[in-house]
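A.B. asks: Numbering (my numbering), first residue to last: 297 to 875.
One structure is given below, represented as structure tokens, and several questions about it will come after.
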């Protein structure tokens, strides 16, 4: 695509879409839009609808015979979850079909103003254009037109909100609507910025509602009166939702639901209910998770990272190995971490990355107070926020100075550092691109002995990484057997890689959330790049496993995050793994 010049004049968020208005004198329509906030958060979405209209002023200015250079553009809002779209200025970038940048400008998103008479003409006309261009599903389009015309609703006996929970960048809402299972329903916010309709609302049995309807003499058409849905990017307190019924051409209100403080539910309970009602006794399908949960839980885009570096003991010579240990939620592990420094080979430096702002002061004071007892090169990195596994390790790698990097969890204990020297030799001699280690629980059973990637029925037949032999005694190693063997993947809890290869691979992918699947993904990228993955099978290393993750949310939240990461992993690797 060749665009001589273009400009985006305005934009609003409406019914789960971003509607942009501008002009272009290029022959082709824009393909992709990228928005970036001043703190470095980035989202990107493809154009779903582009309606041309006359802009004689622009056509005359650029000497074009055609005057349909104006464009009303619709894109999905979900890819921008985690961005404050109303924080000016944004940087707006337009990409062509090849992914090349064709336009960049400063941009400010406006809020849709919904008054008693609806939406004023200056904001409404582009929305009408994209409605005509079929940006919205028909029922949502009719509900939107109802709201644009000034439609409103009040609380009625026909709909009720049981609970709502703020989850990441949106909400999960649950309640009942009379005869929900037989109606074409639309739920829309009172400011028209978010909407759900049809199969985006799960309905379920509510016999108590049916009994109450019969007592009132109301017609009971179904047993499904309960409903649950998600709404991304609902960032206002005390929002109201309008419940509408669409009768194939006519929209009428059934009631209003107020998201008040008296109805707040826990994230855990809301996610459990979501799984129950959208999964039908199993996990919801990957498509449902991507549609509903990913905008909530993966919407916290990493900001422009900041960190402070505090050198506790300078190296006297260039280190050979940099041990990078992210710290989160469990500062008591520092005692073991410091005591364990003596187990590592000579030429090792230690990079401790504090990634939990709640613990920064405790971690800093503990290490500074013991600075005189530290006799190995040691650096403390204090992150400007909780950036997560991938970003914390990336920061540690940038601070590290050795040619070999060892990524290690804070709950790993080294009894014998011989395996580290074996791994370093394997990397130096080019036998492997990444090397992991046999890790034992405190009872001498296996926690990790390499990973395999295979289909899992519990995740809708997607490929997932599994630890073979976990919880079993390790198999003895024959005297003439190789110390290091090839495996499909190894855990990021204890993983060694050469810095240059880590940089060439691009490091851990920050698109995974909170420490799942990044390690398997990096291993598969190494293999795809021509360097296999190895496992050193000597003993002497223990892993207490997930000591920090128990502080990063309950079981329902952890399960949802792991499943979303599995879906992301399969989006990249399913075709290769299935071949």
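Glycine residues also receive a C-beta, built at the ideal position from the N, C-alpha and C atoms.
Reducing DSSP to helix, strand and coil, say where residue 597 ends up.
C.D. replies: A caution first: residue 597 carries a pLDDT of 49, below 50, which makes its placement in the model too unreliable to give a value.
A.B. asks: In chain order, which continuous runs of the beta strand (DSSP E) of length 3 or greater are located wholly inside the segment 388-465?
C.D. replies: 397-403 and 455-463
A.B. asks: Report the option in 524, 338 and 441 whose CA atom is closest to the CA atom of residue 500.
C.D. replies: 524
A.B. asks: In terms of residues, what are the limits of the alpha helix (DSSP H) holding residue 661?
C.D. replies: 656-665
A.B. asks: Say whether the segment 333-347 touches the segment 548-557, bearing in mind that this needs 3 or more beta-carbon pairs closer than 8 Å, one atom from each stretch.
C.D. replies: no
A.B. asks: At what residues does the alpha helix (DSSP H) containing residue 861 begin and finish?
C.D. replies: 851-874
A.B. asks: Whole angstroms are fine: how far does the CA of residue 723 sit from the CA of residue 847?
C.D. replies: Caution is warranted here: a pLDDT of 48 is assigned to residue 847, below 50, making its placement in the model unreliable, and no coordinate value can be reported.
A.B. asks: Is the distance from the Cβ of residue 393 to the Cβ of residue 315 below 8 Å?
C.D. replies: no
A.B. asks: Count the other C-beta atoms from every protein chain shown that fall within 10 angstroms of the C-beta of residue 560, then say buried if there are 16 or more, exposed otherwise.
C.D. replies: exposed
A.B. asks: Based on Cα-Cα distance, which residue from 701, 540 and 564 lies nearest to residue 287?
C.D. replies: Residue 287 falls outside the range modelled here, since the chain spans only 297 to 875, and no answer is possible.
A.B. asks: Just to confirm, is the Cβ distance from residue 344 to residue 371 under 8 Å?
C.D. replies: yes
A.B. asks: From the DSSP output, in three-state form, read off residue 880 for me.
C.D. replies: A question about residue 880 goes unanswered here, because the residues of the chain that appear run from 297 up to 875.
A.B. asks: According to the neighbour-count rule (16 or more other Cβ atoms, all chains shown, within 10 Å of its Cβ), is residue 817 buried or exposed?
C.D. replies: buried
A.B. asks: Should residue 472 be labelled buried (16 or more other beta-carbon atoms within 10 Å of its own) or exposed?
C.D. replies: buried
A.B. asks: Give me the Cβ distance between residue 627 and residue 659, rounded to the nearest whole Å; I'm assuming they're in contact under 8 Å.
C.D. replies: Between residue 659 and residue 627 the Cβ distance is about 6 Å, and since that is below 8 Å, they are a contact.
A.B. asks: Could you tell me the alpha carbon to alpha carbon distance between residue 478 and residue 691, rounded to whole angstroms?
C.D. replies: 53 Å
A.B. asks: By the DSSP assignment, the alpha helix (DSSP H) with residue 482 in it spans what residues?
C.D. replies: Careful: residue 482 lies outside any alpha helix (DSSP H), inside the beta strand (DSSP E) at 481-485.
A.B. asks: Going by the CB atoms, is the gap between residue 749 and residue 693 shorter than 8 Å?
C.D. replies: At a Cβ-Cβ threshold of 8 Å, residue 693 and residue 749 do not count as neighbours.
A.B. asks: Measuring only the C-alpha atoms, how far is residue 356 from residue 572?
C.D. replies: Going by C-alpha positions, residue 356 is about 59 Å away from residue 572.
A.B. asks: For residue 790, report the span of its beta strand (DSSP E) as first-last.
C.D. replies: 790-794
A.B. asks: Do residue 730 and residue 832 have their C-beta atoms within less than 8 Å of each other?
C.D. replies: With respect to residue 832, residue 730 sits apart: the two C-beta atoms are not nearer than 8 Å.
A.B. asks: Could you check which residue in 735, 671, 653 and 625 has the C-alpha nearest to that of residue 637?
C.D. replies: The shortest C-alpha separation from residue 637 is found at 671.
A.B. asks: Less than 8 Å between the C-beta atoms of residue 629 and residue 706, yes or no?
C.D. replies: The answer is yes: Cβ separation under 8 Å.
A.B. asks: Could you tell me the distance, in whole angstroms, from the CA atom of residue 728 to the CA atom of residue 641?
C.D. replies: 20 Å
A.B. asks: Is residue 648 helix, strand or coil by DSSP?
C.D. replies: Residue state, collapsed to three classes: strand.
A.B. asks: Run through DSSP, which three-state label would residue 670 get?
C.D. replies: coil
A.B. asks: Between residue 364 and the rest of its own chain, which residues show a CB-CB distance below 6 Å, the 5 nearest in sequence each way excluded?
C.D. replies: 348 and 350
A.B. asks: Mind checking who residue 702 pairs with in its DSSP beta bridge?
C.D. replies: DSSP lists 619 and 792 as the bridge partner or partners of residue 702.
A.B. asks: Between which two residues does the beta strand (DSSP E) harbouring residue 574 extend?
C.D. replies: It is not in any beta strand (DSSP E) - residue 574 instead sits in the alpha helix (DSSP H) that spans 563-575.
A.B. asks: Leaving out the 5 sequence neighbours to the left and right, which residues in its chain are closer than 7 Å to residue 643 when beta-carbon positions are compared?
C.D. replies: Within the same chain, 615, 616 and 617 come within 7 Å of residue 643 by CB-CB distance, once the 5 residues on both sides are set aside.
A.B. asks: For the alpha helix (DSSP H) that residue 634 lies in, which residues bound it at each end?
C.D. replies: 629-635
A.B. asks: Could you have a look at residue 613 and say whether DSSP puts it in helix, strand or coil?
C.D. replies: coil
A.B. asks: When the Cα atoms are used, what is the spatial distance from residue 650 to residue 669?
C.D. replies: Rounded to whole angstroms, residue 650 to residue 669 spans 20 Å at the Cα level.
A.B. asks: Counting beta carbon pairs with one atom in the segment 855-867 and one in the segment 806-814, are three or more of them shorter than 8 Å?
C.D. replies: yes
A.B. asks: Note down the Cα distance separating residue 417 from residue 408, rounded to an integer number of angstroms.
C.D. replies: 11 Å
A.B. asks: Do the CB positions of residue 491 and residue 439 come within less than 8 Å of each other?
C.D. replies: yes
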